[in-house]
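K.L.:
Below is a structure I'd like to ask you about.
2 protein chains.
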Amino acid sequence: MATADSYDLDRIFHALADPTRRSILRQIAEGEHSISAIARPHDLTFAAISKHLKVLERARLIGRRKDGSFQMISLNPEALKNADRWLSYYQKFWNLRLEALKDLLERKERP
Amino acid sequence: MATADSYDLDRIFHALADPTRRSILRQIAEGEHSISAIARPHDLTFAAISKHLKVLERARLIGRRKDGSFQMISLNPEALKNADRWLSYYQKFWNLRLEALKDLLERKERP
DNA sequence: TATACACTCAACCAAATGGTTGAATGAAAG
DNA sequence: CTTTCATTCAACCATTTGGTTGAGTGTATA
C-alpha cells in the first residue's frame with residue numbers, strides 16, 4: 399500500500415479545507431451522484447462546482463464514471479486514509495493529554 | 399468537549415495543507431521549541447516562520463509561552479483531534495473497501 | 001549604556017484561490 | 001436536424017497566500 403508523499407498531503411488537506419468540498423464529500427459518501435445532483439443543494443454556479451470537483455479529483459478523493467451525458471462522481475476513501483495515517487502519529491499526544499487531565503481530575507476528587 | 403464547527407475545520411485543514419507547517423508540528427511534537435529553534439532547520443526567513451506560526455495558532459494547533467526574550471511554542475493536540483473526529487466518519491468507507499478487496503483476493507485464491 | 005539577540009510589523013510582490021459570466025461541446029430527446 | 005440538458009472552458013476579478021526586505025520593539029548581556 400503506497401504511502402502519501404508530502405505533495406499528496408498538501409492536496410488532500412487543501413481539498414478538505416473548504417466547507418463546500420467537505421459538503422460534497424458527505425453527499426457522495428451516500429452513493430454516486432451526478433454533477434447536477436451535487437450542485438443542486440449548493441448555492442453556487444455549475445462552473446464553481448466543477449472547479450471544486452477538480453480540486454477533489456486532484457487530491458484523488460473522488461472518481462468519475464461516464465454514464466451517457468452524465469458524469470457520476472463517487473468517493474475514493476483511500477486518499478482520506480492517507481490523511482488519517484498522517485494524523486495517527488499525533489494520536490498518542492492527544493491521548494496522553496486526556497489521560498493527564500483525567501489524572502488531574504481524579505487527584506482533585508481524592509487528594 | 400466542544401466539537402469543531404465548520405470554520406474551525408477550515409482553519410485546521412488549511413494549516414495542515416502546507417509542508418512547512420506540518421514539519422513545524424513534527425518538530426514541536428518532541429517538545430517545546432523557541433521560534434529560532436524552529437526556524438533553524440527551515441530555509442526561510444524569520445518573518446516567514448512567524449507567519450506560519452500565526453496560521454498554526456489561528457487553528458489552535460499550537461500554544462505560546464513567554465520565557466524572557468524567547469517564546470516557547472508547544473503543540474496543542476486537541477485541535478488535531480477535531481480533524482481526526484471529522485475523518486472518523488469516513489473510516490467505515492475505507493474499511494469496507496479494504497474488506498471488499500480482501501474478499502476479492504480470497505475468492506481469487508480459492509475460487 | 002551600547003550592543004547583540006529574538007522576534008514582530010508594514011509594505012510590497014507573484015502566484016493561487018474561489019467566485020462570476022458567457023460562449024463552446026457533446027449526448028439525448030423531440 | 002434542432003433543441004435541450006449536462007458540463008467544461010476561457011476570461012476576468014477580488015482576495016488570500018506565501019514569500020521577501022527593512023525598519024521597529026523588547027529583553028539580555030558585555
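Protein chains in written order, with the working numbering: chain A, 399 to 509; chain B, 399 to 509. Don't be surprised by glycine CBs; every beta carbon is placed ideally from N, CA and C.
(1) Using the three-state DSSP reduction, which class does Arg508 of chain A fall into: helix, strand or coil?
(2) For a cutoff of 7 Å on Cβ pairs, would you count Phe411 of chain B as touching chain A?
(3) Going along the chain, which residues of the stretch 438-456 of chain B sit with their C-beta nearer than 9 Å to a C-beta in chain A?
(4) Within the 7 Å Cβ cut-off, does Leu414 of chain B reach chain A?
(5) Is it buried or exposed, Pro417 of chain A, if we count other Cβ atoms within 10 angstroms and call 16 or more buried?
(6) So, does the stretch 468-481 of chain B touch the stretch 406-422 of chain B, judging by three or more C-beta pairs under 8 Å?
(7) In the DSSP assignment, what residue or residues form a beta bridge with Gly461 of chain B?
(8) Is it buried or exposed for Arg424 of chain B, if we count other Cβ within 10 angstroms and need 16 for buried?
(9) Could you tell me if Leu494 of chain B is buried or exposed, where buried requires 16 or more neighbouring beta carbons within 10 angstroms of its beta carbon?
P.N.:
Reading it off the structure:
(1) In this prediction, Arg508 of chain A scores a pLDDT of 45, lower than 50, which makes its location untrustworthy; the coordinate-derived value is nonetheless stated afterwards. Secondary structure of Arg508 of chain A (DSSP, three-state): coil.
(2) So, interface residue.
(3) If the cut-off is 9 Å between Cβ atoms, the stretch 438-456 of chain B has nothing near chain A.
(4) Taking Cβ atoms only, chain A reaches closer than 7 Å to Leu414 of chain B, which makes this a yes.
(5) Exposed.
(6) Pairwise C-beta distances place the stretch 468-481 of chain B in contact with the stretch 406-422 of chain B, as three or more of them are shorter than 8 Å.
(7) As DSSP reads the structure, Gly461 of chain B sits in a beta bridge with B:Ser472.
(8) Classification of Arg424 of chain B: exposed, given that the 10 Å Cβ count is below 16.
(9) Looking at its Cβ environment, which holds fewer than 16 other Cβ atoms inside 10 Å, Leu494 of chain B is exposed.
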